[in-house]
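Undergrad:
There are 4 protein chains.
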Amino acid sequence: MTLKMEVAELTDFMAAEFPQVAPDFAIDRLAPMEIDLRLKVEGRHLRPGGTVSGPSMFSLADCAIYLAVLAMIGPQGLAVTTNGSIDFMRKPASGKDIVARCRLLKLGRVLAVGDVLMYSDGVDQPVARASMTYSIPPR
Amino acid sequence: MTLKMEVAELTDFMAAEFPQVAPDFAIDRLAPMEIDLRLKVEGRHLRPGGTVSGPSMFSLADCAIYLAVLAMIGPQGLAVTTNGSIDFMRKPASGKDIVARCRLLKLGRVLAVGDVLMYSDGVDQPVARASMTYSIPPR
Amino acid sequence: MTLKMEVAELTDFMAAEFPQVAPDFAIDRLAPMEIDLRLKVEGRHLRPGGTVSGPSMFSLADCAIYLAVLAMIGPQGLAVTTNGSIDFMRKPASGKDIVARCRLLKLGRVLAVGDVLMYSDGVDQPVARASMTYSIPPR
Amino acid sequence: MTLKMEVAELTDFMAAEFPQVAPDFAIDRLAPMEIDLRLKVEGRHLRPGGTVSGPSMFSLADCAIYLAVLAMIGPQGLAVTTNGSIDFMRKPASGKDIVARCRLLKLGRVLAVGDVLMYSDGVDQPVARASMTYSIPPR
Numbered sequence: 001m002t003l004k005m006e007v008a009e010l011t012d013f014m015a016a017e018f019p020q021v022a023p024d025f026a027i028d029r030l031a032p033m034e035i036d037l038r039l040k041v042e043g044r045h046l047r048p049g050g051t052v053s054g055p056s057m058f059s060l061a062d063c064a065i066y067l068a069v070l071a072m073i074g075p076q077g078l079a080v081t082t083n084g085s086i087d088f089m090r091k092p093a094s095g096k097d098i099v100a101r102c103r104l105l106k107l108g109r110v111l112a113v114g115d116v117l118m119y120s121d122g123v124d125q126p127v128a129r130a131s132m133t134y135s136i137p138p139r
Numbered sequence: 001m002t003l004k005m006e007v008a009e010l011t012d013f014m015a016a017e018f019p020q021v022a023p024d025f026a027i028d029r030l031a032p033m034e035i036d037l038r039l040k041v042e043g044r045h046l047r048p049g050g051t052v053s054g055p056s057m058f059s060l061a062d063c064a065i066y067l068a069v070l071a072m073i074g075p076q077g078l079a080v081t082t083n084g085s086i087d088f089m090r091k092p093a094s095g096k097d098i099v100a101r102c103r104l105l106k107l108g109r110v111l112a113v114g115d116v117l118m119y120s121d122g123v124d125q126p127v128a129r130a131s132m133t134y135s136i137p138p139r
Numbered sequence: 001m002t003l004k005m006e007v008a009e010l011t012d013f014m015a016a017e018f019p020q021v022a023p024d025f026a027i028d029r030l031a032p033m034e035i036d037l038r039l040k041v042e043g044r045h046l047r048p049g050g051t052v053s054g055p056s057m058f059s060l061a062d063c064a065i066y067l068a069v070l071a072m073i074g075p076q077g078l079a080v081t082t083n084g085s086i087d088f089m090r091k092p093a094s095g096k097d098i099v100a101r102c103r104l105l106k107l108g109r110v111l112a113v114g115d116v117l118m119y120s121d122g123v124d125q126p127v128a129r130a131s132m133t134y135s136i137p138p139r
Numbered sequence: 001m002t003l004k005m006e007v008a009e010l011t012d013f014m015a016a017e018f019p020q021v022a023p024d025f026a027i028d029r030l031a032p033m034e035i036d037l038r039l040k041v042e043g044r045h046l047r048p049g050g051t052v053s054g055p056s057m058f059s060l061a062d063c064a065i066y067l068a069v070l071a072m073i074g075p076q077g078l079a080v081t082t083n084g085s086i087d088f089m090r091k092p093a094s095g096k097d098i099v100a101r102c103r104l105l106k107l108g109r110v111l112a113v114g115d116v117l118m119y120s121d122g123v124d125q126p127v128a129r130a131s132m133t134y135s136i137p138p139r
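Protein chains in written order, with UniProt numbering: chain A, 1 to 139; chain B, 1 to 139; chain C, 1 to 139; chain D, 1 to 139.
#1: Suppose you measure from the CA of leucine 37 of chain C to the CA of arginine 101 of chain C; what does that come to, to the nearest Å?
#2: From B:Pro19, B:Val69, B:Asp121, pick the residue whose C-alpha is nearest to that of glutamate 6 of chain B; which is it?
#3: Pick out whichever of C:Phe25, C:Met33, C:Ile35 has its Cα sitting closest to the Cα of valine 41 of chain C.
#4: So is valine 110 of chain A in contact with chain C if we call contact Cβ pairs under 9 Å?
#5: What does the alpha-carbon distance come out to for the pair isoleucine 35 of chain A and methionine 1 of chain C?
#6: Going along the chain, which unbroken runs of the beta strand (DSSP E) with 3 or more residues stay wholly within the segment 49 to 81 of chain D?
#7: Looking at chain A, is there any beta carbon in it that lies within less than 9 Å of the beta carbon of arginine 101 of chain D?
#8: Just to confirm my understanding: we take aspartate 87 of chain B, look at its own chain, exclude 5 residues before and 5 after, and list those with CB closer than 8 Å. What are they?
#9: Any idea which residues DSSP pairs alanine 93 of chain D with across the strands?
#10: When DSSP labels each residue in this structure, what does aspartate 115 of chain D get in the three-state scheme?
#11: Measure the Cβ-Cβ separation of alanine 71 of chain C and leucine 30 of chain C and say whether it is below 9 Å.
#12: So which residues of chain B does threonine 51 of chain C contact, with C-beta pairs closer than 7 Å?
#13: Does the beta-carbon distance from leucine 39 of chain B to isoleucine 136 of chain B come in below 9 Å?
#14: Which residues in the same chain as aspartate 28 of chain B place their Cβ atom closer than 6 Å to its Cβ, once the five residues preceding and following it in sequence are excluded?
#15: What did DSSP end up calling glycine 84 of chain B once you bin it into helix, strand or coil?
#16: Look at the Cβ atom of aspartate 115 of chain A, then the Cβ atom of leucine 107 of chain A, and state whether they are nearer than 9 Å.
#17: For a contact meaning CB atoms closer than 7 Å, what does aspartate 87 of chain A contact in chain D?
#18: So which residues on chain B does threonine 81 of chain D lean against when the C-beta distance must stay under 7 Å?
#19: Give the secondary structure of glutamate 17 of chain D by DSSP, where H, G and I count as helix, E and B as strand, and everything else as coil.
#20: List, in order along the chain, the chain B residues whose C-beta lies closer than 7 Å to that of proline 126 of chain C?
#21: Strictly below 8 Å CB to CB, what residues from chain C border arginine 29 of chain D?
#22: In terms of residue numbering, what span does the beta strand (DSSP E) encompassing valine 110 of chain D cover?
#23: Might you give, ordered along the chain, the residues of its own chain that have their beta carbon closer than 6 Å to the beta carbon of threonine 82 of chain D, omitting 5 neighbours on each side?
#24: Given that a residue counts as buried once 16 or more other Cβ atoms are within 10 Å of its Cβ, and exposed if not, what is leucine 78 of chain C?
#25: Candidates A:Cys63, A:His45, A:Lys91, A:Ile65: which alpha carbon is nearest proline 19 of chain B's?
#26: Using the rule of at least 16 other Cβ atoms within 10 Å of the residue's Cβ for burial, across every protein chain shown, is glycine 43 of chain D buried or exposed?
#27: Who pairs with residue 144 of chain B in a beta bridge, going by DSSP?
#28: Would you kindly work out how many angstroms separate the C-alpha atoms of proline 48 of chain D and methionine 14 of chain A, rounded to a whole number?
#29: What in chain C is Cβ-close to arginine 47 of chain B, meaning under 8 Å?
#30: Would you mind sorting glycine 84 of chain A into buried or exposed? The rule is 16 or more other CB atoms within 10 Å of its CB.
#31: Pull up the distance between the alpha-carbon of proline 55 of chain A and that of isoleucine 65 of chain B, whole angstroms please.
#32: Kindly list, in the order they appear in chain D, the residues whose Cβ is closer than 7 Å to that of proline 55 of chain C.
#33: Can you give the Cα-Cα distance for lysine 4 of chain C and glutamine 125 of chain B, rounded to whole angstroms?
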């Protein structure tokens with residue numbers, strides 16, 4: 001399995017296709033079937049008390065798995081999320097980015113499944129866990 | 001079972017506690033263990049092609065169940081989402097709000113569970129389904 | 001939307017194709033996109049203390065949605081579950097069957113989604129909630 | 001973090017408390033916050049065509065996370081599953097046991113969360129993924 005898109009291409013693709021959310025994210029690491037994606041936490045991602053909101057973490061997980069799929073199949077795909085589950089396990093550390101470590105568990109012809117552990121940057125225990133299924137349109 | 005908070009109180013609570021997201025939402029209907037919550041769709045909720053983004057629908061479901069819980073237990077609670085699952089089933093209609101119809105299935109001492117069907121306003125078939133668990137802190 | 005299989009045909013299909021689990025279940029009601037399926041609780045479904053086990057309820061939900069799909073598409077399909085989520089909310093009543101009330105929320109060309117509320121027979125509050133996605137093979 | 005129960009104690013506990021399902025399972029490996037649990041596949045776990053049924057895999061995941069929790073908190077706990085999500089990704093290999101590799105992601109005072117990858121014995125690609133939440137009663 002080899003990558004069809006590298007970090008720079010994925011970053012450009014996000015900026016062009018999803019300009020509203022692209023500035024929120026940075027790719028820390030990319031490998032076949034794996035990606036580490038960073039949520040650059042800003043005020044708009046926070047809840048009272050300074051913790052990162054649940055929907056911001058859902059968005060991070062969704063984007064991480066999407067990019068991991070795109071990196072493998074190339075930019076032609078119009079993959080859509082069909083299902084997601086998420087567990088919020090710990091309060092994120094205040095003032096820190098959230099880093100998602102994502103792996104694709106399945107990359108089939110029509111469905112892809114990935115899972116993600118999310119960490120406050122530099123902290124050992126995960127703050128959340130998510131898994132998502134993407135439907136890949138016929139090519 | 002009776003409501004401890006009415007629509008006006010919930011709306012004020014959201015505006016005070018969650019000023020960043022409160023303008024996104026409007027309560028269409030409130031009853032014991034039930035709420036209809038509207039996502040007032042704006043450009044920031046959209047993906048290319050004009051459909052409402054998955055994270056915006058997750059946020060709507062999360063907020064609906066949270067408000068349904070608060071309406072029953074009152075504003076003293078600091079309930080947090082511990083788990084959510086969501087199925088995206090159809091492409092939302094362009095240019096329409098999303099309305100979440102939420103019911104609480106369980107309101108226990110420590111855990112509450114709710115589920116939600118989400119519709120493009122005025123359209124019969126649901127665009128998404130979600131269920132979430134909230135942890136209710138000791139009172 | 002009309003039914004392609006009636007109760008008797010579904011029951012025969014289960015007995016022929018899934019003889020190991022068919023005796024566990026009875027169809028209480030069938031309508032387009034809806035089914036009520038009963039788990040006839042026996043000793044093998046119980047946990048210590050006399051409550052119905054989680055996997056038995058998962059199996060009931062899985063079977064209910066599967067039969068609801070088959071009733072609509074006919075017996076030719078070899079649908080497989082791709083995803084499920086389940087919330088266990090209350091302890092089932094001792095000595096009672098579990099009844100699943102299932103509706104299909106989506107019946108697409110390749111994916112079907114259903115959800116289920118499960119009740120101890122005759123009791124108002126649901127014991128569990130589940131949703132599942134089925135992949136429908138090309139016809 | 002140290003184990004409060006070893007393999008022999010967990011095995012005895014299962015045989016005493018869950019005699020109906022205990023013979024289905026064997027502990028391959030146990031470490032703090034981790035367990036590998038084997039489903040010893042028999043005819044009763046199979047679907048037509050010889051694949052392991054979805055509910056059998058749900059049961060394996062549920063049991064693996066339960067035992068991983070018990071190993072850490074000791075046999076006094078009456079933990080119950082509150083929530084589970086499962087993705088079925090590949091057809092299990094015929095005639096092989098299923099091995100669940102489980103890790104606890106959170107072991108809190110009231111909630112524990114674990115996830116599991118399941119493999120046909122000796123095969124590299126996982127057949128299923130699951131995550132579950134357990135509620136731990138006050139001690």
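Ideal placement from N, C-alpha and C gives every residue a C-beta, glycine not left out.
TA: Reading from the atomic positions:
#1: Position 37 of the third sequence, counting from 1, holds the residue named residue 37 of chain C. Position 101 of the third sequence, counting from 1, holds the residue named residue 101 of chain C. So the two alpha carbons sit approximately 7 Å from each other.
#2: The count along the second sequence starts at 1 and reaches residue 6 of chain B at position 6. Looking at the Cα atoms, B:Val69 is the closest of the given residues.
#3: Taking the third sequence and counting its residues from 1, one reaches residue 41 of chain C at position 41. The candidate whose alpha carbon is nearest that of valine 41 of chain C is C:Phe25.
#4: By 1-based counting over the first sequence, the position of residue 110 of chain A is 110. For valine 110 of chain A, the answer is yes, since a Cβ of chain C falls inside 9 Å of its Cβ.
#5: For the purposes of this step, residue 35 of chain A is taken as residue 35 along the first sequence, with counting starting at 1. For the purposes of this step, residue 1 of chain C is taken as residue 1 along the third sequence, with counting starting at 1. When rounded, the distance between both Cα atoms is 43 Å.
#6: none
#7: The count along the fourth sequence starts at 1 and reaches residue 101 of chain D at position 101. No, no contact with chain A.
#8: Residue numbering aside, residue 87 of chain B sits at position 87 when the second sequence is read from its first letter. Here the set comprises Ala128, Arg129, Ala130.
#9: As a working note, residue 93 of chain D is residue 93 in the fourth sequence. DSSP, once it has assigned bridges, lists no residue as partnering alanine 93 of chain D.
#10: To locate residue 115 of chain D, count along the fourth sequence from 1; it is residue 115. Strand.
#11: For the purposes of this step, residue 71 of chain C is taken as residue 71 along the third sequence, with counting starting at 1. For the purposes of this step, residue 30 of chain C is taken as residue 30 along the third sequence, with counting starting at 1. Against a cut-off of 9 Å, the Cβ pair of leucine 30 of chain C and alanine 71 of chain C comes out as a contact.
#12: Position 51 of the third sequence, counted from the start, is the residue given in the question as residue 51 of chain C. Chain B residues near threonine 51 of chain C: none, gap ~16 Å exceeds 7 Å.
#13: Translated into the one-based positions of the second sequence, residue 39 of chain B becomes position 39. Translated into the one-based positions of the second sequence, residue 136 of chain B becomes position 136. No.
#14: Start at 1 with the first residue of the second sequence, and residue 28 of chain B comes out as number 28. Same-chain partners within the cutoff: Asp36, Arg38.
#15: Mapped onto the second sequence, residue 84 of chain B falls at position 84. In this structure, glycine 84 of chain B counts as strand in the three-state DSSP scheme.
#16: Stepping through the first sequence from its first residue, residue 115 of chain A is reached at position 115. Stepping through the first sequence from its first residue, residue 107 of chain A is reached at position 107. For aspartate 115 of chain A and leucine 107 of chain A, no; Cβs fall outside 9 Å.
#17: Locating residue 87 of chain A in the first sequence gives position 87, counting from the first residue. Under the 7 Å cutoff, chain D gives Val113, Ser131, Thr133.
#18: Indexing the fourth sequence from 1 puts residue 81 of chain D at position 81. Going along chain B, no residue has its Cβ under 7 Å from threonine 81 of chain D, so there is no contact; the nearest lies around 12 Å.
#19: What you label residue 17 of chain D is simply residue 17 of the fourth sequence in a count that begins at 1. Three-state DSSP puts glutamate 17 of chain D in a helix.
#20: For the purposes of this step, residue 126 of chain C is taken as residue 126 along the third sequence, with counting starting at 1. Ordered by position in chain B, the residues that pass the 7 Å Cβ test against proline 126 of chain C are Leu105.
#21: Along the fourth sequence, read from residue 1 onward, the residue named residue 29 of chain D stands at position 29. Result: empty, since nearest Cβ-Cβ is about 23 Å, beyond 8 Å.
#22: Here the question's residue 110 of chain D lines up with position 110 in the fourth sequence. Per DSSP, valine 110 of chain D belongs to no beta strand (DSSP E) and is neither H nor E.
#23: Here residue 82 of chain D refers to the residue found at position 82 of the fourth sequence. Counting only Cβ-Cβ distances below 6 Å, and skipping sequence neighbours, we find Thr133, Ser135.
#24: On the third sequence, residue 78 of chain C is found 78 positions in, with the first residue counted as 1. Classification of leucine 78 of chain C: exposed, given that the 10 Å Cβ count is below 16.
#25: Along the second sequence, read from residue 1 onward, the residue named residue 19 of chain B stands at position 19. Nearest of A:Cys63, A:His45, A:Lys91, A:Ile65 to proline 19 of chain B, Cα basis: A:His45.
#26: For the purposes of this step, residue 43 of chain D is taken as the residue at position 43 of the fourth sequence. With fewer than 16 other Cβ atoms within 10 Å, it is exposed.
#27: Any answer about residue 144 of chain B is impossible in this case: the structure gives chain B only from 1 up to 139.
#28: Counting from 1 along the fourth sequence, the entry for residue 48 of chain D is found at position 48. Counting from 1 along the first sequence, the entry for residue 14 of chain A is found at position 14. So the two alpha carbons sit approximately 45 Å from each other.
#29: Taking the first residue of the second sequence as 1, we reach residue 47 of chain B at position 47. Going along chain C, no residue has its Cβ under 8 Å from arginine 47 of chain B, so there is no contact; the nearest lies around 20 Å.
#30: By one-based count along the first sequence, residue 84 of chain A stands at place 84. Buried, since its Cβ has 16 or more Cβ neighbours within 10 Å.
#31: Position 55 of the first sequence, counting from 1, holds the residue named residue 55 of chain A. Position 65 of the second sequence, counting from 1, holds the residue named residue 65 of chain B. Taking the straight line from one Cα to the other gives about 14 Å.
#32: Walking along the third sequence from the start, residue 55 of chain C turns up at place 55. Ordered by position in chain D, the residues that pass the 7 Å Cβ test against proline 55 of chain C are Pro55, Phe58, Ser59, Asp62.
#33: The sequence position of residue 4 of chain C within the third sequence is 4, counting from 1. The sequence position of residue 125 of chain B within the second sequence is 125, counting from 1. Each residue's Cα considered, the two are about 21 Å apart.
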